[in-house]
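Q: Residue numbers for the sequence shown follow my numbering, so the first one is 294 and each next one is one higher.
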Amino acid sequence: MNTARRRYLQLNSALECLKTATGLNFGQIALARWETWITAPETEGVEWGHVKSCLFVRLTTKDGLYGWGEAFVLPYREKAVAEIIHALGRSASKLKSISPWAFRDLAKHAAACHQSLEFSAASSALEMALWDILGKLLNAPLCDLLGGNYNRAIPIYGNIWSTTQWDVASLETRATDLVAQGYRAIKIHSMLNHTAQDAANCVNQVRAAIGGDIAILVDLDSQNNADAAIQIAQAIEPAHPYWFEEPIDGSDIRALAQIRKDQTLRVVTGEKNCGLAHFRAVLAAGAADILNPDIAAVGGILDLLDIAELADQQGVQISPHCWNSMTVAAAAMLHVCASIPNAEMAEIYPEYIRHGEKFALTAFLLEGEYAHLSNKPGIGVDLNVSALHDLCEHHQSTCLGLAEATC
Numbered sequence: 294m295n296t297a298r299r300r301y302l303q304l305n306s307a308l309e310c311l312k313t314a315t316g317l318n319f320g321q322i323a324l325a326r327w328e329t330w331i332t333a334p335e336t337e338g339v340e341w342g343h344v345k346s347c348l349f350v351r352l353t354t355k356d357g358l359y360g361w362g363e364a365f366v367l368p369y370r371e372k373a374v375a376e377i378i379h380a381l382g383r384s385a386s387k388l389k390s391i392s393p394w395a396f397r398d399l400a401k402h403a404a405a406c407h408q409s410l411e412f413s414a415a416s417s418a419l420e421m422a423l424w425d426i427l428g429k430l431l432n433a434p435l436c437d438l439l440g441g442n443y444n445r446a447i448p449i450y451g452n453i454w455s456t457t458q459w460d461v462a463s464l465e466t467r468a469t470d471l472v473a474q475g476y477r478a479i480k481i482h483s484m485l486n487h488t489a490q491d492a493a494n495c496v497n498q499v500r501a502a503i504g505g506d507i508a509i510l511v512d513l514d515s516q517n518n519a520d521a522a523i524q525i526a527q528a529i530e531p532a533h534p535y536w537f538e539e540p541i542d543g544s545d546i547r548a549l550a551q552i553r554k555d556q557t558l559r560v561v562t563g564e565k566n567c568g569l570a571h572f573r574a575v576l577a578a579g580a581a582d583i584l585n586p587d588i589a590a591v592g593g594i595l596d597l598l599d600i601a602e603l604a605d606q607q608g609v610q611i612s613p614h615c616w617n618s619m620t621v622a623a624a625a626m627l628h629v630c631a632s633i634p635n636a637e638m639a640e641i642y643p644e645y646i647r648h649g650e651k652f653a654l655t656a657f658l659l660e661g662e663y664a665h666l667s668n669k670p671g672i673g674v675d676l677n678v679s680a681l682h683d684l685c686e687h688h689q690s691t692c693l694g695l696a697e698a699t700c
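(1) On the DSSP letters alone, give me the boundaries of the beta strand (DSSP E) that residue 326 sits inside.
(2) Helix, strand or coil: how does DSSP classify residue 286 here?
(3) Is the segment 599-617 touching the segment 574-584, taking contact as three or more C-beta pairs under 8 Å?
(4) I think residue 676 touches residue 665, with their Cβ atoms under 8 Å apart; what is that distance to the nearest whole Å?
(5) Could you name the residues that DSSP lists as bridge partners for residue 537?
(6) For residue 592 versus residue 563, is the C-beta spacing smaller than 9 Å?
(7) Can a CB atom of chain B be found closer than 9 Å to the CB of residue 632?
(8) Between which two residues does the beta strand (DSSP E) carrying residue 453 extend?
(9) With distances taken from CA atoms, which of 651, 538, 673 and 371 is nearest residue 483?
(10) What is the residue span of the beta strand (DSSP E) that residue 620 lies within?
(11) Among residues of its own chain, excluding the 5 on either side of residue 358, which ones have a beta-carbon nearer than 8 Å to its beta-carbon?
(12) Could you spell out where the beta strand (DSSP E) holding residue 516 opens and where it closes?
(13) Alpha carbon to alpha carbon, how far is residue 487 from residue 715? Give it in angstroms, no decimals.
(14) Using 10 angstroms around the beta-carbon of residue 480, count the other beta-carbons present and answer buried if the total reaches 16, otherwise exposed.
(15) Hey, could you find the ends of the alpha helix (DSSP H) residue 498 is sitting in?
(16) Could you tell me the alpha carbon to alpha carbon distance between residue 334 and residue 345, rounded to whole angstroms?
(17) Secondary structure at residue 476, three-state DSSP: helix, strand or coil?
(18) Scan the segment 574-606 and note each continuous alpha helix (DSSP H) run of 4 residues or more that stays entirely inside, going in chain order.
(19) Under the DSSP definition of a beta bridge, which residues are partnered with residue 434?
(20) What are the partner residues of residue 361, as DSSP defines its beta bridges?
(21) Please name the residue in 445, 646 and 524 whose C-alpha comes closest to that of residue 638.
(22) Determine, using beta carbons only, whether residue 361 and residue 393 come nearer to each other than 9 Å.
(23) At a cut of 8 Å, does the segment 496-509 reach the segment 526-533 through at least three beta carbon pairs?
(24) Quick one: Cα of residue 601 to Cα of residue 589, how far?
(25) Going straight from the alpha carbon of residue 404 to that of residue 412, what length do you get?
(26) Are the beta-carbon atoms belonging to residue 407 and residue 691 less than 9 Å from one another?
(27) In chain order, what are the residue ranges of uninterrupted alpha helix (DSSP H) at least 4 long that sit wholly in the segment 355-420?
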């Protein structure tokens, strides 16, 4: 039996023991209130790309214990995800025993065979908040509950995502800036507003600018032509990219498998997908070297752990996607990475770090190419509600027995 398989058996055993203990500890826990905040996007004063809206949820029990979660959201869909959170919250409040496992069963039943990314984002946020409550109840960091170790140094990479039209010279400058900050791996979006030839030239020029010791992660942002993606991969092979992300939409499993077969770069997929069935199909088709489900969109931490175990059985690694606030969801991502044996680098958005400092006390420290978790219980992040209100463009609160309030 290999070390990783033994590690997953230990993790599953620990989770089963925790599940039993949770049934006892959560037997008297009941939800009293659930709230959502949608922050306004930040478009001024950022160095590279705009900061999108983020969605946070806080669950509060009748005993006053609370937990934070975060949902992945895209523009124009934020309020829809918030509405799903409040609908699921009403159902969860009726459970006799509330726990991450009980909530997962409820969410799976509600989704049936029609699990959308918005629904999965909502369930991810609520389950995340329940894990935060559980950690606080047991006075233990999330990764300890998952059988991990908060002292583990977690490799990270810096994502150079931009919402603006850029030229290669400005991208080179941004890449060298991040390297100067200590990042040893950077992700570039070479097809953003550019042609395939531009994309290939971009990767090769960035490699020349930052040298051969820094890992370059290339993200094509889901192109619609597999042949073009293969041609780009072949053109950038001399630059030795660390991986080749979303060369085509993750739902096109057959095309992903063909791309992986016809070029040599490691294929990454999964950020826009949810549900165990999808990832099981990707693995069965041999369509990926690395899976990157989003920590705040995949459906929940329990789903992510199941996906990670399935991936490990096929020799596939997990690098959770995290286009989120770099506060609650990022901390949850790092806890998971500290708990699974086949974790790859964790994703960091530098602009979002500074934005999150306006309303959150972080649960981790970034030092060069690594992140280090704190030993705070639960996820370890606490949000300043007053500061959050100042940044909020939509707040909704539901209390048992009281009317909903929206501002």
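A virtual CB, placed ideally from N, CA and C, is assigned to each residue, including glycine.
A: Here's the rundown:
(1) It spans 324-332 - the beta strand (DSSP E) in which residue 326 sits, taken as one unbroken run.
(2) Only positions 294 to 700 of the chain appear in this structure, which leaves residue 286 out of reach.
(3) Result yes; three or more Cβ-Cβ pairs closer than 8 Å.
(4) About 21 Å; that fails the 8 Å criterion.
(5) 511 and 560
(6) no
(7) You won't find chain B in this structure, because it holds only one protein chain.
(8) 447-453
(9) 538
(10) Residue 620 -> no beta strand (DSSP E), and no H or E assigned at all.
(11) 322, 426, 429 and 430
(12) Counting along the chain, no beta strand (DSSP E) covers residue 516, and no H or E run does either.
(13) What is shown of the chain runs 294 to 700, which leaves residue 715 out entirely.
(14) By the neighbour-count rule (16 or more Cβ atoms within 10 Å), residue 480 is buried.
(15) 489-503
(16) 5 Å
(17) In the three-state reduction of the DSSP assignment, residue 476 falls in the coil class.
(18) 594-606
(19) 671
(20) 351
(21) 445
(22) no
(23) Touching, yes.
(24) 15 Å
(25) 8 Å
(26) Residue 407 is not a Cβ neighbour of residue 691, given a cutoff of 9 Å.
(27) Taking 4 residues as the minimum length, the alpha helix (DSSP H) runs contained wholly in the segment 355-420 are 371-385 and 393-404, in order along the chain.
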